[in-house]
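Below: one structure, written as C-alpha cells.
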Amino acid sequence: MNGFKWIVATLLLCCQAAAAGNTLLIRNALVHTMTDAGTLPAADILIRDGRIAELGNHLRAPADSTELDAAGRPVTPALFAGITALGLNEIDMVWPSVDSAVTQVGSPPMRPEFNVVSAYNPHSSPIPITRIEGFGYSLLGAMAGGSIIGGQGRTVVLDGGYRSFVGEPVLFIALGESASTLAGGSRAAQWMVLEQAIAESESTPRHGDHTLLTREGRAALHAFQRSGTVVFSAHRASDILQVIAFAERHGLRAVIEGGAEAWMVADALAEAQVPVLLDPLQNLPDSFDMLGARLDNAARLHAAGVTVSFSGAGTHHARKQRQLAGVAAANGLGPEAALAALTRNPAEIFGFPGGRLERGAPADLVIWSGDPLELVESAEQVILGGRLQPMRSRQTELRDRYLPTATSLPRAYTH
Amino acid sequence: MLKQACAALLLLGASGTLQAESAFPSTYTPLISAPTLLRNATLLTGEGQRLEQTDLLLENGRIAWVGNGDVPPGTREIDASGRWITPGLIDVHSHLGVYPSPSVDAHQDGNEMSDPVTANIWAEHSIWPQDPGFGKALAGGVTALQILPGSANLFGGRGVTLKNVYSTSYQGMKFPAAPHGLKMACGENPKRVYGQRNKLPSTRMGNVAHYRAEWIAAQDYIDRWARYEAQLAAGDEEATAPLRDLKLETLAGVLQGEIIVHMHCYRADEMMTILALAEEFEYRIGTFHHAVEAYKIADELAQQQVCGALWADWWGFKMEAYDGIQENIALVDRPPGGCAIVHSDSPEGIQRLNQEAAKAMGKGRRAGMDIAPEHAIAWITSNAARSLGIEHMTGSLTPGKMADVVVWSDNPFSIYSKADLVFIDGALLYDRKDPARQPVSDFELGQLQEVQP
Numbered sequence: 003m004n005g006f007k008w009i010v011a012t013l014l015l016c017c018q019a020a021a022a023g024n025t026l027l028i029r030n031a032l033v034h035t036m037t038d039a040g041t042l043p044a045a046d047i048l049i050r051d052g053r054i055a056e057l058g059n060h061l062r063a064p065a066d067s068t069e070l071d072a073a074g075r076p077v078t079p080a081l082f083a084g085i086t087a088l089g090l091n092e093i094d095m096v097w098p099s100v101d102s103a104v105t106q107v108g109s110p111p112m113r114p115e116f117n118v119v120s121a122y123n124p125h126s127s128p129i130p131i132t133r134i135e136g137f138g139y140s141l142l143g144a145m146a147g148g149s150i151i152g153g154q155g156r157t158v159v160l161d162g163g164y165r166s167f168v169g170e171p172v173l174f175i176a177l178g179e180s181a182s183t184l185a186g187g188s189r190a191a192q193w194m195v196l197e198q199a200i201a202e203s204e205s206t207p208r209h210g211d212h213t214l215l216t217r218e219g220r221a222a223l224h225a226f227q228r229s230g231t232v233v234f235s236a237h238r239a240s241d242i243l244q245v246i247a248f249a250e251r252h253g254l255r256a257v258i259e260g261g262a263e264a265w266m267v268a269d270a271l272a273e274a275q276v277p278v279l280l281d282p283l284q285n286l287p288d289s290f291d292m293l294g295a296r297l298d299n300a301a302r303l304h305a306a307g308v309t310v311s312f313s314g315a316g317t318h319h320a321r322k323q324r325q326l327a328g329v330a331a332a333n334g335l336g337p338e339a340a341l342a343a344l345t346r347n348p349a350e351i352f353g354f355p356g357g358r359l360e361r362g363a364p365a366d367l368v369i370w371s372g373d374p375l376e377l378v379e380s381a382e383q384v385i386l387g388g389r390l391q392p393m394r395s396r397q398t399e400l401r402d403r404y405l406p407t408a409t410s411l412p413r414a415y416t417h
Numbered sequence: 413m414l415k416q417a418c419a420a421l422l423l424l425g426a427s428g429t430l431q432a433e434s435a436f437p438s439t440y441t442p443l444i445s446a447p448t449l450l451r452n453a454t455l456l457t458g459e460g461q462r463l464e465q466t467d468l469l470l471e472n473g474r475i476a477w478v479g480n481g482d483v484p485p486g487t488r489e490i491d492a493s494g495r496w497i498t499p500g501l502i503d504v505h506s507h508l509g510v511y512p513s514p515s516v517d518a519h520q521d522g523n524e525m526s527d528p529v530t531a532n533i534w535a536e537h538s539i540w541p542q543d544p545g546f547g548k549a550l551a552g553g554v555t556a557l558q559i560l561p562g563s564a565n566l567f568g569g570r571g572v573t574l575k576n577v578y579s580t581s582y583q584g585m586k587f588p589a590a591p592h593g594l595k596m597a598c599g600e601n602p603k604r605v606y607g608q609r610n611k612l613p614s615t616r617m618g619n620v621a622h623y624r625a626e627w628i629a630a631q632d633y634i635d636r637w638a639r640y641e642a643q644l645a646a647g648d649e650e651a652t653a654p655l656r657d658l659k660l661e662t663l664a665g666v667l668q669g670e671i672i673v674h675m676h677c678y679r680a681d682e683m684m685t686i687l688a689l690a691e692e693f694e695y696r697i698g699t700f701h702h703a704v705e706a707y708k709i710a711d712e713l714a715q716q717q718v719c720g721a722l723w724a725d726w727w728g729f730k731m732e733a734y735d736g737i738q739e740n741i742a743l744v745d746r747p748p749g750g751c752a753i754v755h756s757d758s759p760e761g762i763q764r765l766n767q768e769a770a771k772a773m774g775k776g777r778r779a780g781m782d783i784a785p786e787h788a789i790a791w792i793t794s795n796a797a798r799s800l801g802i803e804h805m806t807g808s809l810t811p812g813k814m815a816d817v818v819v820w821s822d823n824p825f826s827i828y829s830k831a832d833l834v835f836i837d838g839a840l841l842y843d844r845k846d847p848a849r850q851p852v853s854d855f856e857l858g859q860l861q862e863v864q865p
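Protein chains in written order, with this note's numbering: chain A, 3 to 417; chain B, 413 to 865.
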C-alpha cells in the first residue's frame with residue numbers, strides 16, 4: 003500500500019539533492035568516517051551534488067567550489083536524534099499540536115495502519131532547534147495510544163523538506179509495565195492479543211467476528227511479516243526474550259527500544275541479531291521492569307556483539323542524545339563506539355543512507371568546535387544533502403533579541 | 413507598616429514560626445572521621461578561585477585549611493594529582509524521596525493536589541529515605557539537596573534541606589539549622605489543576621487574587637498573635653492564645669523573613685507580577701525556579717537579589733516553557749550580582765549537575781560570555797547554598813565550613829569526568845573504586861538474585 007508513496011518520496015529526495023548542484027570543499031578536518039578507514043587527521047572532504055565525491059588529504063579544489071576551513075576540528079556524520087515526534091509535536095501539553103499517537107478511532111482497536119508520516123510538519127520549531135545541534139535524522143515514532151500497537155513511522159532527514167523520508171517503514175509495539183493498561187492488565191495478554199492480531203492478518207475474518215484489525219490493518223501487519231522492522235519498547239529481560247522468540251516466529255526484524263535490562267540477555271540479543279536503542283542515563287529502578295538498570299548497559303551490550311544506538315531524550319530534548327552518548331562513552335563504551343551508536347548503527351538498523359563519511363555517501367555531516375561528545379562543545383556547521391544549513395532557530399533568535407544589554411526600542415523591534 | 417510588622421514579629425518569636433521550626437528536628441550527626449589530606453589537586457573553591465596543585469585538609473568535619481597548614485597525626489593522605497576538587501554539589505530543586513524510584517502509584521507523594529493552598533504541608537513528611545535516587549545523586553557529587561513539594565498548588569507547602577546521607581528516618585538526613593523553604597507556584601499548573609474542577613484558580617488572574625487573599629489572612633494572623641503577645645506583656649492573665657493555624661503559620665514565617673520563598677515560575681511577565689506582589693506584602697522572593705524566561709529579566713533579578721534556579725536546556729513541554737533557551741543560565745549570571753543556579757527537578761539530572769552546568773557554560777561562551785570553570789562551579793555550589801540560606805555553612809572550600817567535598821577524576825565540566833570521592837562533613841561516603849563505600853538502599857538490596865553482573 004505504501005510502497006508507491008515511498009518510491010515517490012525517494013525520487014523527490016534525489017531531485018531535491020541534485021538541485022543543490024554546487025561543490026563544497028571542507029579543508030583540514032579531523033574526519034570521523036565511521037568506516038573501516040577510521041579517523042583521518044587533516045583530511046579534506048569534497049562534496050558535489052549532495053554527496054561526498056572525494057575524501058582524503060590535499061584534495062585539489064575544483065574551479066567552482068566553495069571552500070570551508072575546518073581548522074583541524076572534528077567532522078562526523080550528522081547524528082541520529084533517536085525515536086522522536088519531531089514535526090509531530092510542537093508542545094507536549096498543547097494536545098492539539100501533538101500528532102504522534104492515535105487514541106480513539108472507534109473499533110476495531112488495533113491500528114497498525116496508522117502512519118505518523120502523513121502528519122509530519124518540517125516547519126515545526128523543534129526541528130531547527132535539534133538540527134543546529136548536529137542532528138540530521140530522527141525516526142518518527144508512533145507512540146502507543148489506544149493499543150499496544152502504536153502504528154508506523156519512518157526515518158526523516160531533518161533538512162526541512164516536506165518529504166525527506168528515508169529508510170524502511172517501522173512498526174511500533176509497546177510492552178511491559180508501561181503498556182499494562184492497553185492490553186487487559188497483564189503482559190501475558192499483550193502476547194495473547196499480538197498473536198491474535200498476527201493470526202487475523204493471515205486470514206479473512208468471518209462476518210460478525212470481533213476483530214482487532216481493520217482490513218487495512220491486516221494488510222499492514224501482514225507486510226511486516228516479511229522481514230519488516232518492528233520496534234518493541236521493553237525493559238525487562240524476560241520480556242526481551244519473549245520479543246526475540248515472537249519475532250523469530252513471525253519473520254519480524256525486531257529492535258528493542260528501552261532495554262534497561264538488555265545487558266542481562268546480551269548474548270541472546272547478539273545471537274538473534276536484535277539491536278537495542280537504549281537510554282544510557284537510565285540507571286534507576288524507575289519501575290519493576292527496570293530493576294537491572296545500570297550505567298554500563300551500552301558497554302556490556304556492545305562487548306557482547308549487540309548493535310547499539312540511543313533513544314530516550316524525547317522530542318524537544320532530542321539534542322540531549324549527545325549527552326546520552328557521552329555518558330555511555332564514559333561508562334565503558336568508549337568514544338568511537340558511542341559515536342557509531344549515533345551515526346552508523348542507526349543507519350544500519352533502520353536502513354537509511356548516511357551515518358558514514360565515504361565516497362558516494364550523502365553529504366550529511368557536522369563540523370564541531372571540539373570533541374562532539376563534550377557538552378561544552380557545539381556544532382559549528384551542519385551540512386545536509388551537501389547544503390550548509392542555516393545555524394538559526396527560534397531559540398537563537400530569542401537569544402539574539404535578549405543578548406544586548408539595552409535597546410532603544412522595545413525588544414519586539416529586534417528581529 | 414513594615415516597622416509595625418517587624419515589631420510584631422519580634423514579639424511573635426516564641427509562638428509563630430519558631431514553634432513550627434522546632435518540630436521534627438534534625439537528628440543528623442556527622443560520621444566520625446579521621447583527618448584527611450587531599451594532595452596536589454586542582455581546586456575550584458566555589459568562590460571564584462581556581463587553585464592549581466593545591467592541598468586541602470579536612471579535619472573534625474570541617475575544611476581546616478587550603479594550601480598550607482599543620483597536618484595532625486593520624487591524617488589519611490590521598491594523592492589527588494591530576495584530579496579536581498570542588499565543594500559538594502547542591503541541588504535546590506529535587507523530589508527525591510517524595511517521588512521516589514520505583515515511580516509506582518503508591519509512591520506519588522509529592523503533590524497534595526486537594527487544595528490550591530497547602531502551606532500547611534511539609535514535604536519532609538512524604539520522604540521515603542530508601543529512595544535509590546539518593547545514592548545515585550551521591551555518586552554524582554551531590555552532598556546537599558532541597559526536597560520540595562510539587563507545583564500543583566499556589567502555596568505548595570514547606571520544603572526541606574537534607575544532607576545526602578542514608579538514614580532510617582528523614583530526620584536523620586535533615587540539614588541542621590537550614591531555614592525552611594516555602595514552595596509556591598505560578599502559571600499553568602495551579603490554574604489547570606483547579607480550573608478542571610471549576611474551582612479558583614482557573615486563570616492567571618485567579619492565581620494572583622488567591623495569593624493576595626492568603627497574604628492578607630497571614631497579616632491578620634500576625635496581628636492576632638501580636639495582640640495576644642501585647643496582652644501578655646501587659647500582664648493580662650486572661651489573654652488566650654489564638655489557635656495555631658499551620659497554613660498561616662507558614663505564610664507568617666515568610667512575612668517575617670524566616671522562611672525562604674521558592675517560586676516555581678516560567679514566564680518573565682509572571683515573575684515581574686510576583687515581584688510586585690512581594691513588594692505589596694513586604695516579603696522577599698528567594699529564588700525563581702525553572703524560570704525558562706529569566707533571561708528576559710536578568711537585570712531585574714540581579715537588582716532585587718533574586719536567584720534563578722534553572723535547567724540548562726529544558727523547554728517546550730508546555731506552553732509556558734516555549735521560550736526556553738540554552739543561554740538562560742549564562743544570561744541570568746551575567747549582570748553584577750546575578751545569581752544563577754543549575755537545578756535538576758529530576759532524579760536523572762541531579763546525578764549530572766556538572767554536565768548540565770557544562771552545557772550552560774558552553775552555550776554562554778558561544779554567545780560571547782567569558783565563563784571559566786572556577787566561575788561556573790558556583791552555579792552548582794555556592795549560589796545554590798545562598799538560595800537555601802546555608803551559604804555560611806557549606807557551598808565553598810572555605811576554612812571553617814563543613815567538609816562537603818568532591819574529588820573528581822578530571823575537570824568536572826568534562827563528560828568523561830566522574831566523582832571519585834565524596835565527603836560529607838569530612839566523612840568519606842562515596843568511593844567510586846570501593847563498593848564498600850557505595851550505599852545500597854533497602855529497596856535495591858537483594859534484587860535480581862540470579863544475575864551475575
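The beta-carbon is built from N, C-alpha and C at its ideal position, and this holds for glycine as well.
Practice prompt. Please say whether residue 720 of chain B and residue 742 of chain B have beta carbons closer to each other than 8 Å?
Written response: Position 330 of the second sequence, counting from 1, holds the residue named residue 742 of chain B. Position 308 of the second sequence, counting from 1, holds the residue named residue 720 of chain B. No.
Discussion item. At the level of alpha carbons, what is the spacing between residue 859 of chain B and residue 455 of chain B?
Written reply: Here residue 859 of chain B is taken as the residue at index 447 of the second sequence, counted from 1. Here residue 455 of chain B is taken as the residue at index 43 of the second sequence, counted from 1. Their Cα atoms are separated by approximately 39 Å.
Worksheet item: Quick one: does residue 289 of chain A have its CB under 8 Å from some CB of chain B?
Response: For the purposes of this step, residue 289 of chain A is identified with residue 287 of the first sequence, where counting begins at 1. So, interface residue.
Worksheet item: With a Cβ-Cβ cutoff of 8 Å, do residue 674 of chain B and residue 595 of chain B count as a contact?
Response: Numbered from 1 along the second sequence, position 262 holds the residue referred to as residue 674 of chain B. Numbered from 1 along the second sequence, position 183 holds the residue referred to as residue 595 of chain B. Yes, the pair counts as a contact, with Cβ atoms nearer than the cut-off.
Discussion item. Taking the straight line between their C-alpha atoms, what separation do you get for residue 650 of chain B and residue 643 of chain B?
Written reply: To locate residue 650 of chain B, count along the second sequence from 1; it is residue 238. To locate residue 643 of chain B, count along the second sequence from 1; it is residue 231. Their backbone Cα atoms lie some 9 Å apart in a straight line.
Fill in: Positions along the segment 289–308 of chain A whose CB lies within less than 8 Å of some CB in chain B
289, 290, 292, 293, 294 and 296
Discussion item. So for residue 140 of chain A, helix, strand or coil by DSSP?
Written reply: On the first sequence, position 138 is the one that residue 140 of chain A refers to. Residue 140 of chain A: strand per DSSP, three-state reduction.
Worksheet item: If you drop the 5 nearest sequence neighbours on each side, which residues of the same chain put their C-beta closer than 7 Å to that of residue 828 of chain B?
Response: By 1-based counting over the second sequence, the position of residue 828 of chain B is 416. Within the same chain, residue 828 of chain B has close Cβ partners 822.
Item to complete: State yes or no: is the C-beta of residue 487 of chain B within less than 8 Å of the C-beta of residue 448 of chain B?
Response: In the second sequence, the residue the question calls residue 487 of chain B occupies position 75. In the second sequence, the residue the question calls residue 448 of chain B occupies position 36. In contact: residue 487 of chain B and residue 448 of chain B (Cβ atoms closer than 8 Å).
Worksheet item: Alpha carbon to alpha carbon, what distance is there between residue 659 of chain B and residue 638 of chain B?
Response: Numbered from its first residue, the second sequence carries residue 638 of chain B at position 226. Numbered from its first residue, the second sequence carries residue 659 of chain B at position 247. Whole-angstrom Cα-Cα distance: 17 Å.
Worksheet item: From residue 108 of chain A to residue 732 of chain B, what distance separates their C-alpha atoms?
Response: For this step, residue 108 of chain A is matched to residue 106 along the first sequence. For this step, residue 732 of chain B is matched to residue 320 along the second sequence. Cα to Cα, the separation comes out at about 33 Å.
Item to complete: Would you be able to state if there are at least three C-beta pairs under 8 Å between the segment 772–782 of chain B and the segment 549–556 of chain B?
Response: no
Fill in: Short-range partners of chain A found in the segment 538–560 of chain B, where Cβ spacing is below 8 Å
544, 545 and 548
Worksheet entry | Residue closest to residue 842 of chain B, alpha-carbon to alpha-carbon, out of B:483, B:792, B:855 and B:817 | Within the second sequence, residue 842 of chain B is the residue found at index 430, counting from 1. The shortest Cα separation from residue 842 of chain B among B:483, B:792, B:855 and B:817 belongs to B:817.
Worksheet entry | Closest residue to residue 569 of chain B among B:460, B:525 and B:440 (Cα-Cα distance) | On the second sequence, residue 569 of chain B is found 157 positions in, with the first residue counted as 1. Nearest option by C-alpha distance: B:525.
Discussion item. Let me check one thing: in DSSP terms, what residues is residue 78 of chain A bridge-paired to?
Written reply: Residue 78 of chain A sits at position 76 when you count from the first residue of the first sequence. A:368.
Discussion item. Once DSSP output is grouped into helix, strand and coil, what is the label at residue 528 of chain B?
Written reply: Residue numbering aside, residue 528 of chain B sits at position 116 when the second sequence is read from its first letter. Coil, per DSSP.
Fill in: Terminal residues of the alpha helix (DSSP H) in which residue 506 of chain B lies
For the purposes of this step, residue 506 of chain B is taken as residue 94 along the second sequence, with counting starting at 1. Element bounds for residue 506 of chain B: not the alpha helix (DSSP H) but the beta strand (DSSP E), 501–506.
Worksheet item: Does the beta-carbon of residue 624 of chain B have 16 or more other beta-carbons within 10 angstroms, so that it is buried, or is it exposed?
Response: Taking the first residue of the second sequence as 1, we reach residue 624 of chain B at position 212. Exposed, since its Cβ has fewer than 16 Cβ neighbours within 10 Å.
Worksheet item: Is DSSP giving residue 41 of chain A helix, strand or coil here?
Response: Working through the first sequence from its first residue, we reach residue 41 of chain A at position 39. Three-state result, residue 41 of chain A: strand.
Worksheet entry | Exposure of residue 757 of chain B, with buried meaning 16 or more beta-carbon neighbours within 10 Å | Here the question's residue 757 of chain B lines up with position 345 in the second sequence. With 16 or more Cβ atoms within 10 Å of its Cβ, residue 757 of chain B is classed as buried.
Worksheet item: If you follow the beta strand (DSSP E) that residue 843 of chain B is part of, which residue opens it and which one closes it?
Response: In the second sequence, the residue the question calls residue 843 of chain B occupies position 431. Its beta strand (DSSP E) spans residues 839–843.
Discussion item. For a test of the three-state rule: what should DSSP assign to residue 543 of chain B, helix, strand or coil?
Written reply: Working through the second sequence from its first residue, we reach residue 543 of chain B at position 131. Reduced to three states, the DSSP call for residue 543 of chain B is coil.
Discussion item. Per DSSP, what are the beta-bridge partners of residue 558 of chain B in this structure?
Written reply: Residue 558 of chain B sits at position 146 when you count from the first residue of the second sequence. Its beta-bridge partners are B:573.
Discussion item. Taking DSSP's pairing of strands, which residues face residue 1 of chain A in a bridge?
Written reply: Since the first residue of chain A shown is 3 and the last is 417, residue 1 of chain A is not available in this structure.
Item to complete: Select from the segment 832–851 of chain B all residues with a C-beta closer than 7 Å to any C-beta belonging to chain A, and list them in chain order.
Response: none
Discussion item. Since residue 750 of chain B and residue 710 of chain B should fall inside the 8 Å C-beta cutoff, what is the C-beta to C-beta distance between them, to a whole number of angstroms?
Written reply: Residue 750 of chain B sits at position 338 when you count from the first residue of the second sequence. Residue 710 of chain B sits at position 298 when you count from the first residue of the second sequence. Correct: roughly 6 Å between the Cβ atoms.
Practice prompt. Could you tell me if residue 510 of chain B is buried or exposed, where buried requires 16 or more neighbouring beta carbons within 10 angstroms of its beta carbon?
Written response: Locating residue 510 of chain B in the second sequence gives position 98, counting from the first residue. The residue is buried, with at least 16 neighbouring Cβ atoms inside 10 Å.
Worksheet item: If residue 52 of chain A sits next to residue 388 of chain A, beta carbons under 8 Å apart, how far is it from one beta carbon to the other, in whole angstroms?
Response: Locating residue 52 of chain A in the first sequence gives position 50, where the first residue counts as 1. Locating residue 388 of chain A in the first sequence gives position 386, where the first residue counts as 1. Confirmed, about 4 Å.
Worksheet entry | Contact list for residue 623 of chain B against chain A, beta-carbon separation under 7 Å | Locating residue 623 of chain B in the second sequence gives position 211, counting from the first residue. None at all; the shortest Cβ gap to chain A is about 23 Å.
Discussion item. Using 8 Å as the cut-off, can you tell me whether the segment 799–812 of chain B makes contact with the segment 461–481 of chain B, which would need three or more C-beta pairs spanning the two stretches below that distance?
Written reply: yes
Item to complete: Mind checking which residues open and close the alpha helix (DSSP H) that includes residue 636 of chain B?
Response: One-based indexing of the second sequence puts residue 636 of chain B at position 224. Looking at the DSSP string, the run of the alpha helix (DSSP H) that includes residue 636 of chain B is 616–645.
Discussion item. Strictly below 9 Å CB to CB, what residues from chain A border residue 759 of chain B?
Written reply: For this step, residue 759 of chain B is matched to residue 347 along the second sequence. Chain A residues near residue 759 of chain B: 286 and 288.
Practice prompt. Could you give the DSSP three-state label for residue 510 of chain B: helix, strand or coil?
Written response: The count along the second sequence starts at 1 and reaches residue 510 of chain B at position 98. Three-state result, residue 510 of chain B: coil.
Worksheet item: Do the CB positions of residue 72 of chain A and residue 59 of chain A come within less than 8 Å of each other?
Response: Here residue 72 of chain A refers to the residue found at position 70 when the first sequence is read from its first residue. Here residue 59 of chain A refers to the residue found at position 57 when the first sequence is read from its first residue. Cβ distance not < 8 Å, so residue 72 of chain A and residue 59 of chain A don't count as in contact.
Worksheet item: the ligand PLP heavy atoms versus the CB of residue 196 of chain A: any closer than 7 Å?
Response: The model on display carries no ligand, and the ligand PLP is accordingly not part of it.
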